[in-house]
Amino acid sequence: MDNITQERLNQLRGAAGAKRHNARTVAALTGNPGCVRRAVLDAAGVDKDKLARRVGFPAKFGQSQFAITRGNSFEAQVKANAFAELITLLRDTLGLQIGEVGQTDLEQVGGNTSQEIRHTRSRQKLTGAMTNGESTFFDHPLLTLDVGGNTVYLEPDLVAFHHEGVFHVVEIKSFAVIDDQADGAKVAAAAIQSAVYVLALRRLLGDDKVSHEVVLVCPKDFSNKPVATKIDVRKQLIVLEHQLTRLARIETLVDALPPGLSLDLDNSADDLFKALSEIEARYAPDCIAKCEMAFFCRNEARGCTAALGISVREELGGVETVAEALGLADGTLVASDDQAEAASMLRATADIYASAAAA
Amino acid sequence: MTAISSYARARAVVAGRAFSIATRRHVHLSDTPLVFVPLAMAGEASAPLAAMIGTQPDKPTLLLVPQPRNRDLRFGFAASLADIVLDYVHSCSQRVEISANEQVFLDAPQLLVPNAAGVGFVKLLGRSTRYRRTTGPYPVPPQVPLLGRWLTHLSERSEFAGSSALLAMTSALGMHWATGQSALEDANLAALLGWIDPPDGVTGPDAALAAEDPLIWPPAGPSTDPAFDNEILAPAIRAWTDAATDSPKRHRALNTLERALRGQLEPTWQLMWRAIDVLRRLPAADSVDTRWTTDRRDFSRYHQYVTDGGLPQARRDGAVAAARKLRNLEREQDLYDATRALEDPLVMANYRITGAAFQGTVVQVDRDRRVPGGKGRAVTRPLIVVSTTDPAHLAISTKVQAPTRSGQTGTIVQIDRQPDTTLVTLELSGGMTAAKVPPPGTVPEMDEHITYTSAYPESFRKVELPPPDQTPWTHGGPPKPYTPTNDDAQEVWE
Amino acid sequence: MLVVTSVAEELERRIDELRAAVRKAVTAGERERANALRAELRKTERQWEDALDELAEPPVTTVPRQAGPLLPLREQVHQALTLLGAPAAPKLIIAVHEAFHVGEMVPARLTSLRRDEERSFRSAPHARPYYLCSALSADLLAPARGLLAVSTWAMTTRVIGPLSPRVDFLTSAIRLSEYLSRIPEPGPAARRLLWRFAANIPGAAANTDAMTPAAVAEAADAELQIHQDTDRSHREAAAKRAREQLDDVEQLFGSRLRSISATGS
Amino acid sequence: MTFDPAAEAERVTTDILADFASGRHLGVVVDSPPGAGKSTLVVRTAVSLAAAGERLMIVAQTNEQVDDLTCNLSAKLPAGLVIGRLTGSGHGVPQRLAGLPNVLVDEKAGNLVSCEITIATAAKWAFVKDTVWPWAIVDEAYQMRSDTLLALAARFERALFVGDPGQLDPFSVVQNDRWRGLTWDPMQSAVAGLLRSNPTLPVHRLPVSWRLPASAEQVVASAFYPYTGFRTGTGPGDRELSFDTRAFGRTPVDAVLAEAATSGWGFLELPARHTMRTDAEAVAAVADITRRFLDRGTVARSGDSSRPVTPDRIAVGAAHRDQVAALRTALADLPDVTVDTANRLQGREYDVTVVLHPLSGRRDATAFHLEAGRLCVLTSRHRQACVVVGRAGIRELLDTHPSAEPVHLHEPVKFPDGWAANQTVMGHLEAHSIAA
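This is the structure in structure tokens:
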């Protein structure tokens, strides 16, 4: 993006260091692409979690240490003993050849964990793999992806290179696959996240070098035994690429903001509150599960039909506020021409509700 | 969402309290429901942590697993839970009646959990226990696999529209009241009930807001508040694990755990019983009993099956089982939707708004009208005209019925839309006896206030499916019959 | 007595308050406050424990969970590594130890172990018959993440090329099988350990009951044949570089990354 | 080399017949893009089998489809052969079939044993017992649910499954994920299930759409048949609309007619607004356009044959029933114009279609609105031109659509993706857009 925009964004963020995108936040671009507030805050690298707290609406998704422990120990387990369990799994799911067991550790470079060094090395090793075929498993490679003009570092759990000349992203998650089924929302989240990695890999190695089939590794049933399932992420890739190209529009969004707008976390809660209100949000109830700002936006959206759920808004004739809807329904509000149909529908609903409730 | 519930939500926002979307109760409530509030450990697939269970508000039993990662302790939990559930199941199988020449118990188990996730927990717990072996590797107490079958039975039954065998309280309340918040937020039992039945002097929205503070209202489970996990549960579990067996330290640790978990469960336990009272205040709809009979029959059949030593439910449906189940689910869904509307004007209201039904006044009756019938001879086909202000989007020749006159079908002959009213002309057939002149009362009278709907229960003809062992090639051929394997039993639960 | 009880109750109340307070602080994101409260909470909990100890009848003397270790830790690790015959991660070393000996190993102490060994070597090189050292990554000759080795092993054994982890896994499997077939009554723990290998070697064993050490060794060797030569040449080249380029300390504990240019492979 | 549609289509058809008749496969699947001669294939296959003395059963989905097929068959059937039309109880004899000499109509399969060809709806077939036919043809197989096929699969030994994968999937009133990922998931389409259980069955594709004009080839193929595509039988300029009367002034309606006449596509863009589904303005616009086509004396030329576009050659399509109700009222004076939902327009063909865009005036797009099959049906019924009416802002709506569909393990990803297909179609329509 152009420098002016970058400048505006830095100014908006203020003193605090920029919070970098990661696979999860990039994936979130597809979650509510219509929300200007989220787009701007993410582009500016504002710490939404802190911000939400400062304005008095803390997000409520803390993580239980039990879940974290479980996640880590499961990944450690499937990778233990030179990927012993993974090798067995991938021999089945990807048809790895018996000779394909080579492994390269990219989590650190000779004790050095700086992102630049790790990325350079990851690049060398991954591009090298296609020529020398030394390694099949690349542990925690560090990839980059251009997100709205910023370089974002991404770190998949594992990338597997197959002798048939394609790389496969391997995602290790600790939610269970029970009788070959898993929580659709969790799988969807894993899929879009993996798609981000696939995209980053493709930008590095070329589209035909990276499979659109990622391998999801989860605990089987109620055991710790891992099971691998291939997931086709073509749809996720379509959406993701579309939203990434749309990020260019961040410039127009930023231009639209009042000059001097600042979300510096050191500002008073009041100022932050006011400043936030200047940036338009697109609140829907399911934001609560997805976005740190949700409770702030929900409070703001109180009295709007959208806060009751998008299908409710639809049922209420797409009218903006609850007051309007009821006003039109009981006739105390005069319908503008473009509200005429909504009004008559709402009046009918009100009449019928009254007659039925009376019965 | 429907137009009615959406409108009611809007009203609720302004009024600060929930609005009715049903005038009658459409779920059955047993005199002694088994209320079950489970908690699970985060990050694990159905690792029970604790539960409060019982049939009486003042006598809950608290079960807990001091170290949920310990497999034996989990099965200990399952065993104690089994004792309670199986006793309850047994108590339901005491009195029988003979209906449609089969033995049907007069009672059936009814399990009430706080929310949809609770139903999911029951399903998983059933799945994780029903294949356990009582001998060989990893043996478990005999009642555990039995528990698994019953929990599985209940959760499968709960997939049927109108079944009350296993209810999520949030859904039970949600089908009778609309709140001023989103359906997503209604999944919080405390919040939902806060809108429907707020404590004195508190408005719905405030009650709902308070319900979101885990310190005031702990989550209704099965997942716990992360802060509780990290700050209280984890240290308590560690204390218990580190303490030597039978040491005073361990006893104390157990007490701490018990106090902490009781504190998380009790509020929801109270909510559950409050919710039950709220629901009991509504008069039950007529067909609630009929549907409960279906639940009882299903229970009786499965009870018999278990007694005869049938195998545990398969992991997944085979092709034929799946097709049959889908058909049954669809049949019960249609039946349920239609009957609910016939029995409850507020439910019917949804059909009136979409124009699939209409309510109005009879303004014209041609009672003795006769037309040539199929085999040449004349048949009685009265014409009536109903004047309505409802949208009434019905195509000509659509068949409709009146809730009050189930035996009789009307066919839309003409719809005449006038500025202030719509005149619907109907040709009636059936419900008039064979007499040339319909006996009085069999045809709607002038000025009668009447509702007609195009959505009414229709007789289903049951499709015969091939027996599983003759599954055709189009569906992968006959499946291997399910036989329990060692894997089932050895599948380590940790 | 009574007094003490009331004290305990008082403390109990306080503990509940503190717990609530901590959670409030956490949800509000007030980290410092939360930590302060936590500290006080733990203190109060200790006081409570003490108060109750006074109440409690003299605690039943409980038997220590495990008999104390018979050998010093480094000896035990050395034993495990010698059995495996290849560089191994702490997790595996612990598993091996617990499969054949009493007494548990604390992972934390294992990680510090390597540092102690390095310190001791630097202060008095070659003073001990062996040191527990690092395995070296073949390309950078830097310490390979999380792998322990024995200083007396040949450099070719201690350097890790791309294929080496699998090769070492198979080698260890073979040595473990042989060991098991030698000892009269391998316990369940030992068999469980072998199974963890067998389960991931093609053709090693259908299931736990059917598993025989001989078959496992045979299957492992079959796959080993496929990787061995490439791996050996790789390791030898790297070992040569190590001997030429590294000083004594580095040869045992690896070279720190010097410059990014060194990352070329 | 140049593409000879007729020859190509003939080649594929003979392949199909040979493949099926060879008896080497229990099943043969034929995917057919819109108007690629599906029913011609069905008739031809049936006739050739019957003529060869084989007995076969034909399965279609609706009574209307069954009666259409019966008529076509009866016309093509060699003398001496008889079609048995098996009807539901109380269905009576469809008057269309009453006069046909070589058609027997009966409620009982037992009374039709003498017939070489027996034809009925899938629903009816599910109740037939005992008899087994050596051959079966299943028409519109993608609109049939897998559990329906299960109920009647025992009736035949081998079957030809013909259908259009681009149209709407079958649906159910119940929502239940318990069968997700199973190859025999009863909720999926019969063909989807069939192929998952029998991955080796041959799948043929009819390569040529005889219905769609050349102007529709690129957009419809790329939006709805992304991995297979198809060609149109006619080339650029082979189809053309002309008007007897000239447009007076340059009203948007006439402008969009002109655009449609020359390019085969027209998009009348109403000012952006969030509306009720039954957006009165949009409904009026659709009605005006339809009426205008008739008032202007539209003539449709295909090759060198021309004919006037009469009311029965025009269809008006929408997504929701209430929209259709509103449109019918608005077009009450033109009873011969077909006005219906996408579901009921499946498999139909017209010269001109006028469509109310499913996303017009919507604030949020639901899965229903985005379903690829729905848009595919609406934009692929025409021989000449398709005019779409919609509010401005559909593109933005798509861009800001949150993608949150759950993903189920072992469930094949279905293409085209509705969201992507909508993007493609809108992208195309913008080039033919006229502001109202």
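Line by line, the protein sequences are chains Y, E, U and C. Under our numbering, the first sequence is numbered contiguously, ending at residue 367. Under our numbering, the second sequence is numbered contiguously, ending at residue 512. Under our numbering, the third sequence is numbered contiguously, ending at residue 1741. Under our numbering, the fourth sequence is numbered contiguously, ending at residue 448. Cβ atoms here follow ideal geometry from the backbone N, Cα and C, with glycine treated the same way. No experiment lies behind these values; they were computed from the predicted model shown.
In this structure, glycine 315 of chain C lies away from phenylalanine 255 of chain C, with their beta-carbon atoms at least 8 angstroms apart. Secondary structure at glutamate 1485 of chain U: helix, using DSSP grouped into helix, strand and coil. Burial state of arginine 1590 of chain U is buried, judged by a 10 Å Cβ sphere holding 16 or more other Cβ atoms. Excluding residues up to 5 positions away in sequence, Phe123, Leu124, Asp125 lie with their Cβ nearer than 8 angstroms to the Cβ of arginine 113 of chain E in the same chain. The beta carbon of glycine 311 of chain Y sits closer than 8 angstroms to some beta carbon of chain E. Taking a C-beta cut-off of 8 angstroms against chain U, the contacting residues of the region 85-97 of chain Y are Ala88, Asn89, Ala90, Phe91, Ala92, Glu93, Ile95, Thr96, listed in chain order.
In the same chain as aspartate 31 of chain C, and ignoring 5 residues on each side of it, the C-beta atoms closer than 8 angstroms to its own belong to His37, Val40, Pro214, His216, in chain order. Using a Cβ distance threshold of 8 angstroms, proline 217 of chain E and threonine 286 of chain E do not count as a contacting pair. Note that the C-beta distance between asparagine 133 of chain E and methionine 187 of chain E is below 8 angstroms.
Following the DSSP letters along the chain, one finds glutamate 15 of chain Y inside the alpha helix (DSSP H) bounded by residues 11-21. The count of Cβ pairs closer than 8 angstroms, one atom from the region 329-342 of chain E and one from the region 76-85 of chain E, stays below three, leaving the stretches out of contact. Your pair glutamate 115 of chain Y and serine 24 of chain E does not check out as a contact, with CB atoms roughly 52 angstroms apart and the cut at 8 angstroms. Fewer than three beta-carbon pairs drawn from the region 197-208 of chain E and the region 34-43 of chain Y are found closer than 8 angstroms, and the two stretches are therefore not classed as touching.
Inter-segment contact for the region 40-57 of chain C and the region 206-213 of chain C is present: three or more beta-carbon pairs are separated by less than 8 angstroms. Arginine 370 of chain E and proline 409 of chain E have their C-alpha atoms roughly 7 angstroms apart. Ranked by how close their Cα comes to the Cα of arginine 1595 of chain U, the residues U:Cys1609, U:Glu1525, U:Glu1488 have U:Cys1609 in first place.
Residue pairing by DSSP places leucine 129 of chain E opposite E:Leu52, E:Leu184 in a beta bridge. Using a CB distance cut-off of 8 angstroms, valine 31 of chain E counts as an interface residue toward chain Y. From the beta-carbon of isoleucine 371 of chain E, the residues of chain Y found nearer than 9 angstroms are Met353, Ala356, Thr357, Ile360, Tyr361.
Within the region 80-158 of chain Y, the complete alpha helix (DSSP H) runs of at least 4 residues fall at 123-140. Under the three-state reduction of DSSP output, glutamate 383 of chain C falls in the coil class, being neither helix nor strand.
For glycine 138 of chain E, the uninterrupted alpha helix (DSSP H) segment begins and ends at 134-147. Here isoleucine 239 of chain Y has Val195, Ala198, Ala199, Ser202, Glu221, Val222, Val223, Leu224 as same chain residues with Cβ atoms under 8 angstroms from its own Cβ, once five neighbours each way along the sequence are excluded. A Cβ-Cβ separation of about 6 angstroms places arginine 151 of chain E in contact with proline 157 of chain E under the 8 angstroms criterion. Shown here for glutamine 73 of chain C: same chain residues with a beta carbon closer than 7 angstroms to its own, the five before and five after excluded, namely Thr133, Ala134, Glu152, Gln155, Met156 in chain order. Assigned with DSSP and collapsed to three states, arginine 355 of chain Y falls in helix. In this chain, the alpha helix (DSSP H) harbouring serine 1709 of chain U covers 1689-1721. Alanine 273 of chain C is a Cβ neighbour of leucine 253 of chain C, given a cutoff of 8 angstroms. Collapsing the DSSP output to three states places leucine 269 of chain Y in coil.
A straight line joining the alpha-carbon of proline 177 of chain C with that of glycine 459 of chain E spans about 54 angstroms.
Residue pairing for leucine 166 of chain Y: DSSP places it in a beta bridge opposite Y:Asp147, Y:Val178.
Looking from the CA of glycine 173 of chain Y, the closest CA among Y:Gly157, Y:Asp215, Y:Arg355 belongs to Y:Asp215. Within chain Y, Ala364 have C-beta atoms less than 8 angstroms from the C-beta of methionine 366 of chain E, given in sequence order.
Close to chain U, meaning a Cβ-Cβ distance shorter than 7 angstroms, are the following residues of the region 137-148 of chain Y: Glu142, Ser143. Spatial neighbours of isoleucine 414 of chain E in its own chain (CB-CB distance under 6 angstroms, excluding positions within 5 residues in sequence) are listed in chain order as Ile430. Chain-order list of chain U residues neighbouring glycine 110 of chain Y: Pro1638, Leu1639, by C-beta distance under 7 angstroms.
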